[in-house]
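According to the working numbering, the stretch in the sequence shown is residues 12 to 323, in order. Built from N, CA and C at the ideal position, the CB exists for glycine as well.
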Amino acid sequence: MIVAVLAGGRSSEHDVSLDSAASVREALRAAGHEVRMVELRRDGTWWHGGEEVTLRAGRGLLDADVAFPVLHGPFGEDGTVQGLLELLDVPYVGSGVAASAVCMDKLLLKDLMASSGIPQVAYGRPEDELDIGWPRWVKPARLGSSVGIVRVDRPEDFAGAVRVAREHDPRVIVEAHATGIEVECSVLGGEASVPGEISLATGGWYDYEAKYTPGAMELVVPARISAAATERVRELAVRAFTIAGCEGLARVDFFVDGDTVLLNELNTMPGMTQTSVWGKLWEAAGVPYPEALDRLCALAVERFERARSYRF
């Protein structure tokens with residue numbers, strides 16, 4: 012199978028995307044696929060083999076059988092590129108336009124989860140009258156990799172934290188501080204992996220440096236939680252994935268305190284670097300990384316063929 016791997020993008024997670032895409036490229040090659048790398052530069056242009064790619068509706072992408080958009084953040088993970096790939100008429104890995112857009116926006120996702128009764132961290136908007144105590148967390152609503160996040164310990168620092176978040180995104184979410192440990196669960200084709208626990212070498216919180224610096228984070232698999240909490244994490248991961256309309260893959264993040272499990276976030280294109288959690292959890296479940304990516308490509312083609320059977 013010929014796979015066009017999309018890397019880079021216009022968001023602040025451009026460099027992380029390049030690292031993720033390099034890992035995906037090597038794993039796909041190990042699985043026997045031919046890979047064609049496409050760099051989405053910061054100016055929005057697409058390049059392959061030193062030449063700018065011409066995109067024509069209905070004409071596919073570099074004769075690839077499937078596209079793998081290894082893109083994080085706005086202009087890549089938020090439904091925009093997914094919509095373009097739909098217009099190009101090429102199968103692609105991951106969630107479609109609507110699910111990508113909803114899951115990228117933490118406010119929209121949490122509103123959706125609340126309407127479905129999914130237990131989650133208390134949240135609101137900066138202008139709301141929030142009774143969530145201190146400390147609390149202020150985040151750009153549509154960024155990942157912990158970019159622009161500020162922990163606020165005192166009321167007098169709240170406005171400044173909101174200003175910092177709004178430097179990245181006009182939409183801002185405020186969340187309560189959660190107790191317990193951070194647990195993550197990978198989803199592949201609607202199936203949940205064994206949960207893993209995030210353990211930080213230097214304490215603190217799971218910020219950008221901890222996520223992408225080798226050795227800064229240890230993934231403990233299986234997570235050191237009760238059997239009941241483990242099953243609850245896996246159940247809620249699949250439920251959230253289904254409610255949001257996701258397809259292919261996701262990483263679902265939780266806070267676990269005893270047997271209490273709270274949903275934190277759902278990422279439709281999580282980090283795919285050598286230090287990233289998604290692939291490690293599947294490897295712990297007995298699915299090697301190349302095999303997991305091979306399955307994702309097959310699922311993308313199946314969805315594409317299934318969609319063509321409908322008379323939209």
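Proximity winner among T253, V149, H59, G269, relative to L277 (alpha-carbon distances): T253 is the residue among T253, V149, H59, G269 whose C-alpha sits nearest the C-alpha of L277.
Buried/exposed call for P80, threshold 16 Cβ in 10 Å: By the 10 Å Cβ count, P80 comes out buried.
Complete beta strand (DSSP E) runs within the stretch 259 to 313 (minimum length 3 residues, chain order): If you keep only unbroken beta strand (DSSP E) runs of at least 3 residues inside the stretch 259 to 313, you get 260 to 268, 271 to 278.
Whole runs of the alpha helix (DSSP H) within the stretch 170 to 215, excluding any shorter than 4 residues: Counting whole runs of 4 or more residues, the stretch 170 to 215 contains no alpha helix (DSSP H) stretch at all.
Validate contact between the stretch 37 to 57 and the stretch 290 to 308 using beta carbons, cut 8 angstroms, 3 pairs: Yes, since at least three Cβ pairs between the stretch 37 to 57 and the stretch 290 to 308 fall closer than 8 angstroms, the two stretches touch.
Segment contact flag, the stretch 187 to 207 with the stretch 116 to 130, C-beta cutoff 8 angstroms, min 3 pairs: Counting Cβ pairs under 8 angstroms, fewer than three are found: no touch.
N- and C-terminal bounds of the beta strand (DSSP E) containing R162: For R162, the uninterrupted beta strand (DSSP E) run begins and ends at 161 to 163, by DSSP.
Beta-carbon proximity list for M295, same chain, < 6 angstroms, skipping 5 on both sides: Here residue 295 turns out to be Ala, not Met, going by the sequence shown. Apart from sequence neighbours up to five positions away, the residues of its chain that approach A295 with a beta-carbon distance below 6 angstroms are V205, V232, ordered along the chain.
Continuous beta strand (DSSP E) assignments of at least 3 residues falling wholly in the stretch 12 to 56: Within the stretch 12 to 56, complete beta strand (DSSP E) segments of at least 3 residues are found at 13 to 19, 45 to 51, given in chain order.
Range of the contiguous alpha helix (DSSP H) that encloses A78: Where A78 is concerned, there is no enclosing alpha helix (DSSP H), although the beta strand (DSSP E) it sits in stretches over 77 to 80.
Where I209 falls, given that 16 or more other Cβ within 10 Å makes a residue buried: Under this definition I209 is a buried residue.
Through-space distance from L72 to A311, alpha-carbon basis: Approximately 15 angstroms, taken between the alpha carbons.
Beta-carbon contacts of D305 that lie in its chain and below 6 angstroms, excluding the five residues immediately before and after: Closer than 6 angstroms at the Cβ level, and outside the excluded window around D305, lie A42.
I13 burial status per 10 Å Cβ neighbour count (16 or more: buried): Burial call: exposed.
Assigned secondary structure, G90 (DSSP; H/G/I helix, E/B strand, else coil): Correct three-state label for G90: coil.
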